[in-house]
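Count along the sequence shown from 1, add 115, and you get the number used in this note's numbering. Cβ atoms here follow ideal geometry from the backbone N, Cα and C, with glycine treated the same way. Keep in mind it's a predicted model, so treat the numbers as computed, not measured. Reading through the structure tokens given below for one structure.
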Amino acid sequence: MLGRVIRFCIKRLMVLDGVLLACTTILSLMSILTLWGGSEVFGEKILPMQIAATVVGFAVMVVLANIDYRVIARRLSPYLLLGSVALLVVLLLTGKSEGTNRSWLYFSFLPFGIQPSEFIKTALAVSFGYHLSRAAGRIDRPMTLLGLLIHAGVIILLILMTGDLGVALIFLGFVAVMLFCAGLNKWYFLGSLVVAAAVLPLVWGTLEDYQRQRLLVGFSPEIDPLGYGYQPLLSRDAIMAGGFFGQGLNGGDAYEILPAAHTDFIYATACEKFGFFGGFIILAALLVLVVRVFIIAYRADCSMGGYIAAGLGACMMLQTIENVGMCLALLPVIGITLPFVSYGGSSVLAIYMMVGILHSIHAHREKPMTFYTSRRKNAQDLS
């Protein structure tokens, strides 16, 4: 009996992509080590929660990897979209605010909060990828494109209404990448840039003085070192304090006064503890992870899998660039987590779900396509 269970588990693990598995393992270990080293500052509950989220996330990843993503996309895409909209509406009505953002849902039967936008990233990528595959050969037609824009636009608009501009930009970015991969005419992109450039001065004029200041300080925190620039400058100091090999697992003190040192600014904490060497390991693992995701997208045996993988890869890439950029005091602080590394049950579980779908795209690429998928792919190839 035990042997049968072991063989079953090994068979399920064999479908996982080795490169993705190695990168996610390294990043999760770096996260746990960083939180362990700062447990006296962060609190005793942080480390067990992160370990629990990682274990549950790994299990969910394995389950998703063994389910054909095409089945998930075809059968669940409408429900994923409608569920995402419903969840965001509930968030707007009953969600709790952190700062100016209404980002968290709390339920009486759960001892922790849930950040819906983290899970909606995967839901939108899957449903939008399916929609793109259905629109093969017709994507440049105005009505087809309008339907696609409504699909993604409803989600992005609702997220903007919660006040979470940073997350909305991530959604906008990976949707644009998916449209590009689907072959949308370049003139649509150029036209969008022209419209954005024309509207930007008008938007800037509607902002309050403190909002303009916050954006400007985001790119140059020295302008307001004791105000909006305080957090990114502290983060940069913590990174510099780490030197090459860092202050050690239990060393360092700059991170102790750094707000969100275990969540949005955990990269600065890791760099102080493990130095340039540790920071390089994190960035190298994330780089290899993103490159591998785009390779999986390129090798996918149906267009839908390629679109979904490209969208998820773009999401990870944009989050990494923004998070590391704000930790280095180079980009505005907009509350974006570092994939696999930042503390948070929602972010960890959601990113493992994301990678589970990617494992599924990799694992099922060699299976014969159904007649339905073949027709869609052939239609796109002919177009």
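Against chain D, with Cβ distances strictly below 8 Å, would residue i count as a contact?
| i | result |
| --- | --- |
| L196 | Of the protein chains in the structure, only one exists, and it is not chain D. |
For residue i and residue j, what's the separation of their Cα atoms in angstroms?
| i | j | result |
| --- | --- | --- |
| L401 | A444 | 20 Å |
| Y458 | M258 | 42 Å |
| L427 | I141 | 19 Å |
| R480 | D339 | 52 Å |
| R491 | R249 | In this predicted model, R491 has a pLDDT of only 48, less than 50, meaning its place in the structure is not dependable; the value taken from the coordinates is given anyway. In a straight line, the C-alpha of R491 is about 7 Å away from that of R249. |
| V130 | I187 | 17 Å |
| T237 | A174 | 17 Å |
| V134 | G440 | 25 Å |
| S350 | V156 | 16 Å |
| G358 | V269 | 46 Å |
| N300 | G420 | 21 Å |
| I161 | A167 | 10 Å |
| C442 | R122 | 44 Å |
| G361 | E437 | 23 Å |
| M432 | M116 | 44 Å |
| A67 | T321 | Examination of residue 67 is not possible in this model, given that the chain is present from 116 through 498 alone. |
| K126 | P226 | 35 Å |
| C296 | K211 | 36 Å |
| F391 | V205 | 43 Å |
| L136 | Q165 | 18 Å |
| A256 | G393 | Going by the sequence as given, residue 256 is Arg instead of Ala. Each residue's alpha carbon lies about 49 Å from the other. |
Less than 7 Å between C-beta atoms, sequence neighbours within five positions excluded: which residues of the same chain meet that for residue i?
| i | result |
| --- | --- |
| A494 | A caution first: A494 carries a pLDDT of 46, below 50, which makes its placement in the model unreliable, though a value can still be read off. Result list for A494: A251, G252, in chain order. |
| A415 | G421, A424, I476, R480 |
Less than 8 Å separating the beta-carbons of residue i and residue j?
| i | j | result |
| --- | --- | --- |
| F334 | P447 | yes |
| V470 | M176 | yes |
| I423 | I476 | yes |
| S232 | I274 | yes |
| M145 | A291 | no |
| F409 | A425 | yes |
| W219 | I229 | yes |
| I449 | G281 | yes |
| Q434 | I411 | no |
| V241 | I466 | no |
| G153 | A376 | yes |
Hey, quick one: how far does the alpha helix (DSSP H) through residue i stretch, first residue to last?
| i | result |
| --- | --- |
| Y194 | 184 to 209 |
| L315 | 301 to 321 |
| Y382 | 381 to 414 |
| S350 | 345 to 356 |
| L220 | It is not in any alpha helix (DSSP H) - L220 instead sits in the beta strand (DSSP E) that spans 216 to 221. |
| V171 | 161 to 180 |
| N365 | From DSSP, N365 is part of no alpha helix (DSSP H); its letter is neither H nor E. |
| R249 | 231 to 249 |
Enumerate in chain order the residues of its own chain whose CB-to-CB distance from residue i is below 8 Å, with the five nearest sequence positions on each side excluded.
| i | result |
| --- | --- |
| I182 | S475 |
| L263 | F243, H246, L247, A250, I254, L294 |
| A283 | I271, I274, L275 |
| M468 | G172, V175, M176, L179, F234, T237 |
| P193 | S242 |
Grab the span of the beta strand (DSSP E) containing residue i for me, first residue to last.
| i | result |
| --- | --- |
| R480 | Careful: R480 lies outside any beta strand (DSSP E) and carries neither H nor E. |
Report all residues from its chain with a CB closer than 6 Å to the CB of residue i; omit the five preceding and five following residues, and keep chain order.
| i | result |
| --- | --- |
| L202 | P231 |
| I372 | none |
| L239 | I270 |
| V403 | C138 |
| S498 | Note that S498 has pLDDT 40, beneath the 50 cutoff, so the model's placement of it is unreliable and no number is given. |
| A369 | D352, A353, A356, E387 |
If residue i sits next to residue j, beta carbons under 8 Å apart, how far is it from one beta carbon to the other, in whole angstroms?
| i | j | result |
| --- | --- | --- |
| K388 | T169 | The pair is not a contact, with the Cβ atoms about 19 Å apart (cut-off 8 Å). |
| F289 | A429 | 4 Å |
| R185 | C417 | 7 Å |
| L453 | I381 | 6 Å |
| L364 | V171 | So it is not a contact: roughly 25 Å between Cβ atoms. |
| F395 | T139 | Actually they do not touch by this definition, with Cβ atoms about 18 Å apart. |
| P374 | Q328 | So it is not a contact: roughly 18 Å between Cβ atoms. |
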